[in-house]
Structure formats: C-alpha cells, structure tokens
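**Q** For reference, each letter of the sequence shown is one residue, going 282 to 761 in the working numbering.
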Amino acid sequence: MKWLSIFFLLQYVVGGVAAQSQSDTATWDLQKCVLYAMEHNISVRQADLQTRFAALDLHQSKQAQYPSASGSGNIGFSAGRNQDPTSFSLITTGYVFNNLSLQTSVDVFNWFTIKNTIAANDLTLQARQEGLEKAKNDVALNVAVAYLQALLSKEQIALAQSKLEQSIANLENTRKQVDAGKLPELNAVNLESVVAADSAALINAKTSASQSLLQMKALLNLDAAADFNIATPPVDKIPVEPLAALQPDAVYAEAIQNLPQQKVDILTVAAAQKMVQVARGAMYPTFSLFGSLGTTFNNKATQITGKRTDNSPIGSVTVGGTPYTVFPITPFNYFTYGKMPYFRQLDQNFRQSVGLAISVPIFNEGRLKTAWQRSKLQLEQATLQKEENSFTLKQDIYKAYNDAVAALQSFNANQKAEEASAKAYDFAQKRYALDLLSTFDLITAQNNWQQAKNQLLMSKYDYVFKLKLLEFYKGRGLKL
C-alpha cells in the first residue's frame, strides 16, 4: 500500500501543478485560433503577396492609357572638322555643346490591346483575392481539424483518468477483502497491474494531448515554447446542421456559388479569354501620336553686339569743269560680334515637332502568332482545370456525405455498445463483490466498457467533423 500512497501523492501534485499552469495560460477558442492563423500563417501571407503583385500589374496596365514622356540632355566637347549646330557652317575649331530634348507619344488605336490588358489584369486581381480567401478557408479547415483533435485528446485524458480512478477503487476494495481473507492475494496483484497499465495510459493520453497542441502551434505559426491552451466546449454543445439539411446536391449547388476556389476558376477563365484578345490585337498595326521639343547651345555661337553707320564720301568727279563729291547710295554698316548668352541660344534654337506614326508587324519570327496560339491553349487549360475542380468538388461532397452517414451509423452503434458494456461492468462489479466473478472477468468487463467509451467518443467527434466538413463546403465557415 505504500507505493499506492506515493502514487496518489504524485497524482495530486502533478494534477495541481497542471491545473495551475492551465489557469495561467491564455485560453484560445476556435475563432481566435482561426483569426490568428489567417494573419500569421505562411501560406496565407504568400497568397496575400500574390494579391499585391496582381494589384501592381493592374495599376501598371492602367498607366499605359496615358502618354509616355521622357527627357534627355547632354553636354560635351567636339573637335576637328564639324558642322556648327547653330550656323550650319563647316568649322575646324573645337566647341562645347549642350543639347536638351523632350519626347512624348501616346497610342491612338491599338485594337483594344490596352483595354483588354486592363480587363485581364483586373480579373486576375479578383482571382488572386479569391485565392487569398481560399487560403484562409484551407487554414481555417486545418485549424478546425486540429482543434477537434485536441478536444478529443483532452476528453481521452478524462476517460483515462476515470478508468484509473475506477481501477484504484477496485484495487482498494479487493485489498480490503484480501486482508480479511475473503479473496486470494492474486486478485490484488492482478488489479495492481491494471492500475499500473491505466497510469501508463493516462500518461500517454496527456502526451498525445500535448502533441495535438504542438501541432496547433505549428498551424498558427506560434513558437513551440509559447504558452497555449484551447477552450474545451462540450462536444454535445457544438452547433451542427442536421444531416437531412446537408443533402449533397444542395450542398454542391451552394458550393459552386460560395466557395472561393470555384470563383477563382471562373475568374481565371475570364482573364484567359481577355489575354487571347490581347495576343490577337498585337498582330495588327498600331497608330500613335508623337511630339518632341528640343534646343541646342554652342559656345562658339555669336551675336551682333554693336553697329556703326558710315556715310563718308567715296570719291569725287568733275563734270563740265565742276568737281562733285560722290557719296554711297546706301550707307555702309559695320557690325561688332560677341558670344551669344546661354539662355538666349536656348530660346533662339528652340524647335518643335508633332506627327502621327504607324507600326505594322510584318515579320517577327512568328513570335506574335505563337503568343496568340499559346494564349488559346492557356484558355483551354484554364477551362479544363475549372471542369476538373468542379468534378472533384462534387466527388468530395458526395464522399463527405456518405462518410457522415457512416459516421452517424457508427455513432449510434457505439452508443448502444457503450450502454450495454456499462451495464455489463455494473453487473460484473456486483458479482465480483459477492465473489461470484473472477478478477480476470472483472478486468475484462472494465476494459470492454473503457473501449466502448473510447469508440463512442471518437465516433462522436468523427460525426461532428463530417457534418462540419459539409457545412464548410456550403461556404458557411466553421463554428464550434
């Protein structure tokens, strides 16, 4: 009995420490777990990045509607025989030059390529957004499965604890009868081995529960050492729709309308159709307007800085003996020159141009036609993927419904088995107390009842999960 007292003491201490630890640990319900996972799960974050990439593509394609403009400038030195860029005369002296220019162009008509590209990118963005919702749904489903597994593990601890307490009570009663000489020592020894086995089973159940919580931490992207515990609502209180309201045809009809994956497929096909139009439009001529502004500076350029008019006589003549002074018909003008200032040159050399351009793809090594054919194949591939996903979804829904029916039948059968084994164990205890049943038969009856309770518990959770899966397919989310 000494080892039994020590065992009780250890159970009390360990149980008390565990209870205190759980009270100090933050308790998470399913909603909190799901919301946290949606913010921190790596798969969800990757899907969010894909959505942001698609948003950038859409923004860039919208900018293509507006004119493009670019400016350029250069400065340098030219030596040797050159043409003066301002006077256009040939010179042999070196000079410093500076050119400034601004060019702009805008597509006038390109067979709706830009419009279709914007539409395709918009549809792709919507598909990525639905893909993000799908990633969140997948994470929510995985978290719910892990949550139910953790709840099951916790209830299995309670079953193991109850079994151990029953075995200890049987051992105590048997020990009293052995001490009184009513039963042989072998009966007590057999029950001591049962207590030891039940203690090991309790430890295994607690280990399994710890592993379940560790798996949930991984799904939530929580540190393995973080304090974490889950709320434990009774499985009987978990709201579920009746199986009759989850007929597969009705579930499939709602799934097609509500599930993100089906929306992703529809949007992907629509985007592929637009990309076919984009690829086809690229094979036709493109009309565009262009314009440019420019100016030039040359440090050798000159300008008139002064002017002098000379009307002096240019000679004399004698006519009939009379001398006359000769003046020029037009006065002579004499100019002085200096370097032209920088900004004056830019103003005088300012030039503009505007025009209409056409670009006709004549021969491009078959790239445009190949791109068009490839886009049609991608459309066909997206359509086939949509059909495959719809077919797979329908198969999964019918399988989930059949599994739910089987789980309900299993639950009903296990419920009857548990009730029968509970009565059998009750009768076995009474017969054992009257020394009308062997210890082996008592242990067998107890094990049968424990196994029936385990089977009932697992079938109950299995049935709840199967119903929740059908609710999930309807696009109603997950609630426990």
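Backbone N, C-alpha and C fix where the C-beta goes; we use that ideal spot for every residue, glycine too. Everything numeric in this text was worked out from a predicted model, so none of it was measured.
Assuming residue 554 is part of the alpha helix (DSSP H), what are its boundary residues?
**A** Counting from one through the sequence shown, the residue named residue 554 turns up at place 273. 541-562 is the extent of the alpha helix (DSSP H) around residue 554.
**Q** Can you confirm whether residue 362, when its beta carbon is compared against all beta carbons of chain D, has any partner nearer than 8 angstroms?
**A** Reference to chain D is not applicable here, since this structure consists of a single protein chain.
**Q** Going by the beta-carbon positions, is the gap between residue 614 and residue 577 smaller than 8 angstroms?
**A** For the purposes of this step, residue 614 is identified with residue 333 of the sequence shown, where counting begins at 1. For the purposes of this step, residue 577 is identified with residue 296 of the sequence shown, where counting begins at 1. Against a cut-off of 8 angstroms, the Cβ pair of residue 577 and residue 614 comes out as no contact.
**Q** Among the residues of its own chain, which have a CB less than 7 angstroms from the CB of residue 321, if the five just before and after it don't count?
**A** Within the sequence shown, the letter at position 40 stands for residue 321. Excluding sequence neighbours, residue 321 sits near 501 and 502.
**Q** Terminal residues of the continuous beta strand (DSSP E) containing residue 588?
**A** Numbered from its first residue, the sequence shown carries residue 588 at position 307. Segment 583-591, the beta strand (DSSP E) holding residue 588.
**Q** Counting pairs of Cβ atoms below 8 angstroms between the stretch 385-405 and the stretch 683-696, do you hit three or more?
**A** In short, these stretches do not touch, since the Cβ pair count stays below three.
**Q** Can you give me the start and stop residues for the alpha helix (DSSP H) that residue 334 sits inside?
**A** In the sequence shown, the residue the question calls residue 334 occupies position 53. 323-344 is the extent of the alpha helix (DSSP H) around residue 334.
**Q** By DSSP, does residue 614 sit in helix, in strand, or in coil?
**A** Translated into positions along the sequence shown, residue 614 becomes position 333. In the structure shown, residue 614 sits in a strand (DSSP, three-state: E or B).
**Q** On the three-state DSSP scale, how would you describe residue 370?
**A** Against the sequence shown, residue 370 aligns to sequence position 89. The answer is coil: DSSP assigns residue 370 none of H, G, I, E or B.
**Q** Check the DSSP bridge columns for residue 638 and list the partner residues they point to.
**A** Along the sequence shown, one-based indexing puts residue 638 at 357. For residue 638, which the question treats as bridged, DSSP gives the partners 569.
**Q** Between residue 619 and residue 584, is the Cβ-Cβ spacing less than 8 angstroms?
**A** For this step, residue 619 is matched to residue 338 along the sequence shown. For this step, residue 584 is matched to residue 303 along the sequence shown. Yes, the pair counts as a contact, with Cβ atoms nearer than the cut-off.
**Q** Is residue 411 buried or exposed, if buried means 16 or more other CB atoms sit within 10 Å of its CB?
**A** The residue labelled residue 411 in the question sits at position 130 within the sequence shown. Result: buried.
**Q** Do residue 545 and residue 417 come within 8 angstroms of each other at the CB atom, strictly closer than that value?
**A** On the sequence shown, position 136 is the one that residue 417 refers to. On the sequence shown, position 264 is the one that residue 545 refers to. Going by C-beta atoms, residue 417 is not nearer than 8 angstroms to residue 545.
**Q** Among 622, 640 and 641, which one has its Cα closest to the Cα of residue 379?
**A** The residue you call residue 379 lines up with position 98 of the sequence shown. It is 622.
**Q** Between the C-alpha atoms of residue 433 and residue 454, what's the straight-line distance to the nearest angstrom?
**A** Walking along the sequence shown from the start, residue 433 turns up at place 152. Walking along the sequence shown from the start, residue 454 turns up at place 173. Cα to Cα, the separation comes out at about 32 angstroms.
**Q** Since residue 464 and residue 458 are thought to touch, with beta carbons under 8 angstroms apart, how far apart are those beta carbons, to the nearest angstrom?
**A** Taking the sequence shown and counting its residues from 1, one reaches residue 464 at position 183. Taking the sequence shown and counting its residues from 1, one reaches residue 458 at position 177. The Cβ separation is near 4 angstroms, so the contact holds.
**Q** What's the call for residue 490, buried or exposed, on a 16-neighbour Cβ count within 10 Å?
**A** In the sequence shown, residue 490 corresponds to position 209, counting from 1. Flag for residue 490 reads buried.
**Q** Thinking residue 678 and residue 529 are a contact (beta carbons under 8 angstroms), I'd like their distance in whole angstroms, please.
**A** Locating residue 678 in the sequence shown gives position 397, where the first residue counts as 1. Locating residue 529 in the sequence shown gives position 248, where the first residue counts as 1. Rounded, the Cβ-Cβ distance is 5 angstroms, consistent with contact.
**Q** Is residue 566 closer than 8 angstroms to residue 634 when the C-beta atoms are compared?
**A** As a first step, residue 634 must be located in the sequence shown, where it is residue number 353. As a first step, residue 566 must be located in the sequence shown, where it is residue number 285. Taking 8 angstroms as the Cβ cut-off, residue 634 and residue 566 do not qualify as a contacting pair.
**Q** Distance, Cα to Cα, residue 601 vs residue 607?
**A** In the sequence shown, the residue the question calls residue 601 occupies position 320. In the sequence shown, the residue the question calls residue 607 occupies position 326. Answer to the nearest angstrom: the Cα atoms are 16 angstroms apart.
**Q** Determine the burial state of residue 720: buried for a count of at least 16 other Cβ atoms within 10 Å of its Cβ, exposed for fewer.
**A** Taking the sequence shown and counting its residues from 1, the one referred to as residue 720 is at position 439. That one is buried.
**Q** Rounded C-beta distance between residue 702 and residue 729? I'm assuming under 8 angstroms.
**A** Along the sequence shown, one-based indexing puts residue 702 at 421. Along the sequence shown, one-based indexing puts residue 729 at 448. Contact flag correct, Cβ pair sits at about 5 angstroms.
**Q** Have a look at 371, 732 and 423 and flag the residue whose alpha-carbon is nearest the alpha-carbon of residue 312.
**A** Walking along the sequence shown from the start, residue 312 turns up at place 31. For the residues 371, 732 and 423, the minimum Cα distance to residue 312 belongs to 423.
**Q** What did DSSP end up calling residue 651 once you bin it into helix, strand or coil?
**A** Here residue 651 refers to the residue found at position 370 when the sequence shown is read from its first residue. Residue state, collapsed to three classes: helix.
**Q** For residue 638, is the classification buried or exposed, using 16 other Cβ atoms within 10 angstroms of its Cβ as the cut-off for buried?
**A** Here residue 638 is taken as the residue at index 357 of the sequence shown, counted from 1. Result: exposed.
**Q** In whole angstroms, give me the CA-to-CA distance for residue 461 and residue 717.
**A** Here residue 461 refers to the residue found at position 180 when the sequence shown is read from its first residue. Here residue 717 refers to the residue found at position 436 when the sequence shown is read from its first residue. Taking the straight line from one Cα to the other gives about 17 angstroms.
**Q** Do residue 318 and residue 413 have their C-beta atoms within less than 8 angstroms of each other?
**A** In the sequence shown, counting from the first residue as 1, residue 318 sits at position 37. In the sequence shown, counting from the first residue as 1, residue 413 sits at position 132. Their beta carbons are not under 8 angstroms apart, which means residue 318 does not touch residue 413 by this criterion.
**Q** Using a 10 Å radius around the Cβ and a threshold of 16 neighbouring Cβ atoms, would you call residue 358 buried or exposed?
**A** Within the sequence shown, residue 358 is the residue found at index 77, counting from 1. Exposed, because fewer than 16 other Cβ atoms sit within 10 Å of the Cβ of residue 358.
**Q** For residue 497, count the other beta carbons within 10 Å of its own beta carbon; 16 or more makes it buried, fewer makes it exposed. Which is it?
**A** Position 216 of the sequence shown, counted from the first residue, corresponds to residue 497. Buried is the call here.
**Q** Pick out whichever of 723, 697, 478 and 532 has its Cα sitting closest to the Cα of residue 738.
**A** Here residue 738 corresponds to residue number 457 of the sequence shown, with the count starting at 1. The candidate whose alpha carbon is nearest that of residue 738 is 697.
**Q** Would the stretch 378-397 count as touching the stretch 543-560 if we require 3 or more Cβ pairs under 8 angstroms?
**A** Contact between the stretch 378-397 and the stretch 543-560 is present, because at least three Cβ pairs lie under 8 angstroms.
**Q** What separation, rounded to the nearest whole angstrom, lies between the Cα atoms of residue 592 and residue 375?
**A** Taking the first residue of the sequence shown as 1, we reach residue 592 at position 311. Taking the first residue of the sequence shown as 1, we reach residue 375 at position 94. Their Cα atoms are separated by approximately 38 angstroms.
**Q** To the nearest whole angstrom, what separates the beta carbons of residue 382 and residue 575, a pair I think is in contact under 8 angstroms?
**A** Here residue 382 corresponds to residue number 101 of the sequence shown, with the count starting at 1. Here residue 575 corresponds to residue number 294 of the sequence shown, with the count starting at 1. Yes, residue 382 and residue 575 are in contact; Cβ-Cβ is about 4 angstroms, under 8 angstroms.
**Q** Fully enclosed by the stretch 646-728, which beta strand (DSSP E) runs are 3 residues long or longer?
**A** Runs found: none.
**Q** Between residue 430 and residue 486, what straight-line distance do the alpha-carbon atoms span, to the nearest angstrom?
**A** Residue numbering aside, residue 430 sits at position 149 when the sequence shown is read from its first letter. Residue numbering aside, residue 486 sits at position 205 when the sequence shown is read from its first letter. Spanning the two alpha carbons is a distance of roughly 12 angstroms.
**Q** Residue 398 to residue 342, Cα distance in whole Å?
**A** If you number the sequence shown from 1, residue 398 lands on position 117. If you number the sequence shown from 1, residue 342 lands on position 61. Going by the C-alpha atoms only, they are around 7 angstroms apart.
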